[in-house]
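A.B. asks: The structure under discussion is supplied below as structure tokens; questions concerning it will follow.
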Amino acid sequence: MANRIFGAQGTSIFESMSRLARETGSLNLGQGFPEGLEPAELIEAAVKALRDGPHQYPPMFGLPELRRAVAENSRRFQGIELDWEREVLVTSGATEALADTFLALLNDGDEVILFEPAYDAYATLIRRAGAIPVPVRLSPPDWALPREALERAITPRTRLIVVNNPMNPIGKVFDEAERAILAELAERHDLVIVADEVYEHLVFDDRAFVSLLAIPELRDRVVRIGSAGKTFSVTGWKVGYVSASPELLAPISRAHQYVTFTTPPALQAAVAAGLNLPDSYFEDLRRGLAARRDALFGGLLSAGFDVADAPATYFAIADISAFDPVGDDLSFCRRLTVEAKVTPVPVSAFYAERDVTSHVRFCFAKSFETLGEAVHRLARWRDTHGWKKAS
Numbered sequence: 002m003a004n005r006i007f008g009a010q011g012t013s014i015f016e017s018m019s020r021l022a023r024e025t026g027s028l029n030l031g032q033g034f035p036e037g038l039e040p041a042e043l044i045e046a047a048v049k050a051l052r053d054g055p056h057q058y059p060p061m062f063g064l065p066e067l068r069r070a071v072a073e074n075s076r077r078f079q080g081i082e083l084d085w086e087r088e089v090l091v092t093s094g095a096t097e098a099l100a101d102t103f104l105a106l107l108n109d110g111d112e113v114i115l116f117e118p119a120y121d122a123y124a125t126l127i128r129r130a131g132a133i134p135v136p137v138r139l140s141p142p143d144w145a146l147p148r149e150a151l152e153r154a155i156t157p158r159t160r161l162i163v164v165n166n167p168m169n170p171i172g173k174v175f176d177e178a179e180r181a182i183l184a185e186l187a188e189r190h191d192l193v194i195v196a197d198e199v200y201e202h203l204v205f206d207d208r209a210f211v212s213l214l215a216i217p218e219l220r221d222r223v224v225r226i227g228s229a230g231k232t233f234s235v236t237g238w239k240v241g242y243v244s245a246s247p248e249l250l251a252p253i254s255r256a257h258q259y260v261t262f263t264t265p266p267a268l269q270a271a272v273a274a275g276l277n278l279p280d281s282y283f284e285d286l287r288r289g290l291a292a293r294r295d296a297l298f299g300g301l302l303s304a305g306f307d308v309a310d311a312p313a314t315y316f317a318i319a320d321i322s323a324f325d326p327v328g329d330d331l332s333f334c335r336r337l338t339v340e341a342k343v344t345p346v347p348v349s350a351f352y353a354e355r356d357v358t359s360h361v362r363f364c365f366a367k368s369f370e371t372l373g374e375a376v377h378r379l380a381r382w383r384d385t386h387g388w389k390k391a392s
């Protein structure tokens, strides 16, 4: 008999929409994988590491050179001082880091606060760890942190708050006032914050990003998770890292020991080289993605969509309520895939109740050629199908 948690899960919305895109010849702007953004230096470092070896088990905590690079990158961009030997762990992707963290820090009946819209793996992994996800909703159009709802959600059983910052799918960057609320509540209620910060280097227009681990009063309360897949546009490599105080990292490392134990050493060596790239790499990455965002925004606006600001991540959120009075974002995504041959994903998939159906997500981390073709197809769809906004 299947495990009741995993057995109850269906195919993810990302896989099902990607499959439909393949079947229909649609441009897949739903799944968040980038095109053509991998730095050549990173690929060459991986090739060299594969040629030179070694090819056996690396240390369970990760290669020393990668752990040092994670610590140095955190110091360079966030002012965080880390002991690379005791406060940095390498994992096989950020999702494994999340699984390790939940398995290590949760017991049966504990509660974990999630901000919706939320990455779909959070709730499933929390339940498998024996705990209970407690959603707190961020709502359009401003997606502000609802302090009163958050305070009501905290109970004596609350153990963790998961904060995805910058936030998928809405591109939100938590501001200073919101960070202060999180810090105050974590201290008052003795909570740990799991800071999923995989998009830390994808923040645009000279906006500031401050890691929750960089807040002094949270230094021993935050588990910070990063991802080479997002920072270097190599999502298939599955190299992640966890930074936390020794007291938090020790049990997380024990969970990692029994989940994957290690991560391919050649990829670790390459990511270490990537994290040590000069500031210009990270600046160019941000500028390049911002230009791609603007290219897609122009096409969406011309097609008649209302598009929210996207200060970070890979994603543009479009309000479809004027096109879709029925309020079925999944049906609209399928319809756009078939009619326009451009595929987004429904934002309702990021809510447990599937009841926020007014927005869809497009990924702009694509080549300019792909984005240009998507804009062309959206314009043709607008003209051919005569879509007009409801008055």
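Sequential numbering of the sequence shown, starting at 2, is according to this note's numbering.
Here a beta-carbon is modelled for each residue, glycine too, at the ideal position from N, C-alpha and C.
Which one or two residues does DSSP pair with D320 in a beta bridge?
C.D. replies: D307 and H360
A.B. asks: Alpha carbons only, please: which of T314, Y123, D143 and Y200 is nearest the one belonging to V135?
C.D. replies: For the residues T314, Y123, D143 and Y200, the minimum Cα distance to V135 belongs to Y123.
A.B. asks: Per DSSP, what kind of secondary structure is N74 in: helix, strand or coil?
C.D. replies: helix
A.B. asks: If you run the structure through DSSP and keep just helix, strand and coil, what is K173?
C.D. replies: Of the three classes helix, strand and coil, the one that applies to K173 here is strand, per DSSP.
A.B. asks: Please report the Cβ distance between H202 and L67, rounded to the nearest whole angstrom; I am assuming they are in contact, meaning their Cβ atoms lie under 8 Å.
C.D. replies: Cβ-Cβ separation between H202 and L67: approximately 16 Å, too far for a contact (criterion under 8 Å).
A.B. asks: Per the DSSP calculation, T159 is bridged to which residue(s)?
C.D. replies: E112
A.B. asks: Whole angstroms are fine: how far does the CA of T96 sit from the CA of V343?
C.D. replies: 28 Å
A.B. asks: Could you tell me the distance, in whole angstroms, from the CA atom of P59 to the CA atom of F262?
C.D. replies: 9 Å
A.B. asks: Roughly how many angstroms separate the alpha carbons of T385 and G31, rounded to a whole number?
C.D. replies: 23 Å
A.B. asks: In chain order, what residues of the same chain lie with their CB nearer than 7 Å to the CB of A47, ignoring the 5 residues before and after it?
C.D. replies: Beyond the five residues adjoining it in sequence on each side, A47 comes within less than 7 Å, by CB distance, of A267, L268 and A271 in the same chain, given in chain order.
A.B. asks: Does the Cβ of A391 have 16 or more other Cβ atoms within 10 Å, making it buried, or fewer, making it exposed?
C.D. replies: The pLDDT assigned to A391 is 46, lower than 50, so where the model puts this residue is not dependable, and the model offers no usable value.
A.B. asks: Based on Cα-Cα distance, which residue from Q79, W144 and R52 lies nearest to H360?
C.D. replies: W144
A.B. asks: Tell me the rounded alpha-carbon separation between D325 and P347.
C.D. replies: Rounded to whole angstroms, D325 to P347 spans 12 Å at the Cα level.
A.B. asks: Would DSSP call S17 helix, strand or coil?
C.D. replies: helix
A.B. asks: From the DSSP output, in three-state form, read off A119 for me.
C.D. replies: Looking at A119 - three-state DSSP - the assignment turns out to be coil, as it is neither helix nor strand.
A.B. asks: Does the contact criterion of 3 or more C-beta pairs under 8 Å hold for the stretch 309-325 versus the stretch 166-176?
C.D. replies: yes
A.B. asks: Alpha carbons only, please: which of R222, P147, S246 and L186 is nearest the one belonging to P157?
C.D. replies: L186
A.B. asks: Pull up the distance between the alpha-carbon of D101 and that of R189, whole angstroms please.
C.D. replies: 26 Å
A.B. asks: Can you tell me which of L214, T125 and G131 puts its alpha carbon nearest to the alpha carbon of F351?
C.D. replies: The shortest C-alpha separation from F351 is found at T125.
A.B. asks: Whether or not the stretch 364-377 and the stretch 295-308 are in contact is what I'm after, with contact meaning three or more pairs of Cβ atoms, one per stretch, closer than 8 Å; do they touch?
C.D. replies: yes
A.B. asks: Three or more C-beta pairs closer than 8 Å, one from the stretch 229-247 and one from the stretch 197-212: is that the case here?
C.D. replies: yes
A.B. asks: Straight-line CA distance for R52 to A72?
C.D. replies: 27 Å
A.B. asks: Which value, in whole angstroms, describes the spacing of the CA atoms of E24 and L337?
C.D. replies: 14 Å
A.B. asks: Measuring only between beta-carbons, confirm whether F116 sits less than 9 Å from chain C.
C.D. replies: Protein chain content of the structure displayed is limited to a single chain, and chain C is not contained in it.
A.B. asks: As a quick exercise: from G300, R255 and S228, pick the residue whose alpha carbon is nearest that of A273.
C.D. replies: S228
A.B. asks: With respect to the alpha helix (DSSP H) encompassing A46, which residues constitute its N-terminal and C-terminal limits?
C.D. replies: A41 to D53
A.B. asks: Of all the options R153, L106 and P167, which has the alpha carbon lying nearest to the alpha carbon of R208?
C.D. replies: It is P167.
A.B. asks: Please confirm whether A292 and D206 have their CB atoms less than 9 Å apart.
C.D. replies: Contact: no.
A.B. asks: Check the C-beta distance from L115 over to R160 and give it rounded, since I have them as a contact under 8 Å.
C.D. replies: Not quite, the Cβ-Cβ distance comes to about 13 Å (not below 8 Å), so this is no contact.
A.B. asks: What residues are listed by DSSP as bridge partners for I194?
C.D. replies: I162 and V223
A.B. asks: For D14, tell me which candidate among G300, R335 and G94 has the shortest Cα-Cα distance.
C.D. replies: The question names Asp, but residue 14 in the sequence shown is Ile. The candidate whose alpha carbon is nearest that of I14 is R335.
A.B. asks: Beta carbon of C364, beta carbon of F78: below 9 Å?
C.D. replies: no
A.B. asks: Looking at the structure shown, is S281 part of a helix, part of a strand, or coil, going by DSSP?
C.D. replies: helix
A.B. asks: Does the Cβ-Cβ distance between Y242 and V91 come in under 9 Å?
C.D. replies: yes
A.B. asks: If you follow the alpha helix (DSSP H) that L213 is in, where does it begin and where does it stop?
C.D. replies: Careful: L213 lies outside any alpha helix (DSSP H) and carries neither H nor E.
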